[in-house]
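Asker:
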Amino acid sequence: MPVTGPILFVSPVSGRLTARVPVRLLLGTGLAFVTVGLLLMGNLSDSSGWTALLPGQILAGIGIGLATPGLASTAVGVVRPQLSGMASGANNTARQLGLATGIAGLGSIFQSKIQSTLTPLVSGTSASSHVHELSRAVASGGTGRALQAVPPADRDKVVHAAHHAFVTGFNTIALVSVAVAAVGSVAGYALVRSRDFVAGGGPVPAPEPAQA
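Numbering (the working numbering), first residue to last: -9 to 202.
1. Could you tell me whether the Cβ atoms of THR(-6) and PRO59 are closer together than 8 Å?
2. Could you check what DSSP says for LYS103 in three-state terms: helix, strand or coil?
3. Can you give me the C-alpha to C-alpha distance between THR109 and HIS154, rounded to a whole angstrom?
4. Which residue's Cα is closest to the Cα of ALA42: LEU49, ILE48 and LEU34?
5. Apart from the five residues on each side of it in sequence, which residues of its chain come closer than 7 Å, Cβ to Cβ, to ALA62?
6. Identify every run of the alpha helix (DSSP H) within the region 116 to 143, keeping only runs that are complete inside it and at least 4 residues long; order them along the chain.
7. Determine the DSSP secondary structure at PHE187, reduced to helix, strand or coil.
8. Expressed to the nearest angstrom, what Euclidean distance is found between the alpha-carbon atoms of ARG185 and THR64?
9. Given that a residue counts as buried once 16 or more other Cβ atoms are within 10 Å of its Cβ, and exposed if not, what is LEU28?
10. Are the beta-carbon atoms belonging to VAL149 and SER116 less than 8 Å from one another?
11. Whole angstroms are fine: how far does the CA of ALA50 sit from the CA of GLY32?
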């Protein structure tokens, strides 16, 4: 809700602004908001509560709301109207591909960071022999079930280690996302040019008949 709420309110306003404001400003500024929001979310400590994420989530939601309508209008605005369906499909495909790639890539980084953080922290405990399985459980939210196999004498230490590893992994993928969003913001400002948009959208010339 802290992310989707701002999107619902900002997107309609941004959609109306696309006719008055250069799209590159909406894209670049929107991704700049996302960058700052992710930076705030990637600054958690072991003692942070869930409310520590709220400011970053709100800023990221505002940024997504600003950028999304401009992204859609840019996709169809740089081609002739006859090709707008193809452009819209390419935009949606690229978005889904980006989501799938991002989830897979960030998920892999997340688990890898959790495991590298856990390994030295659980050294000398019974969990050291199955740290890979424990890291997978921490990454997938199954820490409670994994801890049932840890003897009571080691449980407190492993719990603290798992909590610290999760926070460290989350901060890491947030900072990776900051870098990606920052590059996107710069690209939005620099590469989206008004002269690339099709103003008229006249008919597509018919192909010349083949020569006999």
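Backbone N, C-alpha and C fix where the C-beta goes; we use that ideal spot for every residue, glycine too.
Answerer: Once the coordinates are examined:
1. Numbered from 1 along the sequence shown, position 4 holds the residue referred to as residue -6. Numbered from 1 along the sequence shown, position 69 holds the residue referred to as residue 59. The answer is no: Cβ separation not under 8 Å.
2. Stepping through the sequence shown from its first residue, residue 103 is reached at position 113. In the structure shown, LYS103 sits in a helix (DSSP, three-state: H, G or I).
3. Taking the first residue of the sequence shown as position 1, residue 109 is located at position 119. Taking the first residue of the sequence shown as position 1, residue 154 is located at position 164. Computed Cα separation, rounded: 12 Å.
4. Along the sequence shown, one-based indexing puts residue 42 at 52. Selected option, being the one with the closest Cα: LEU34.
5. Looking up residue 62 in the sequence shown gives position 72. Correct list, in chain order: ASN81.
6. 121 to 129 and 133 to 137
7. Residue 187 sits at position 197 when you count from the first residue of the sequence shown. Looking at PHE187 - three-state DSSP - the assignment turns out to be coil, as it is neither helix nor strand.
8. Your numbering for residue 185 matches position 195 in the sequence shown. Your numbering for residue 64 matches position 74 in the sequence shown. Their Cα atoms are separated by approximately 12 Å.
9. As a position in the sequence shown, residue 28 is number 38, starting the count at 1. With 16 or more Cβ atoms within 10 Å of its Cβ, LEU28 is classed as buried.
10. Position 159 of the sequence shown, counting from 1, holds the residue named residue 149. Position 126 of the sequence shown, counting from 1, holds the residue named residue 116. Not in contact: VAL149 and SER116 (Cβ atoms no closer than 8 Å).
11. Here residue 32 refers to the residue found at position 42 when the sequence shown is read from its first residue. Here residue 50 refers to the residue found at position 60 when the sequence shown is read from its first residue. Spanning the two alpha carbons is a distance of roughly 12 Å.
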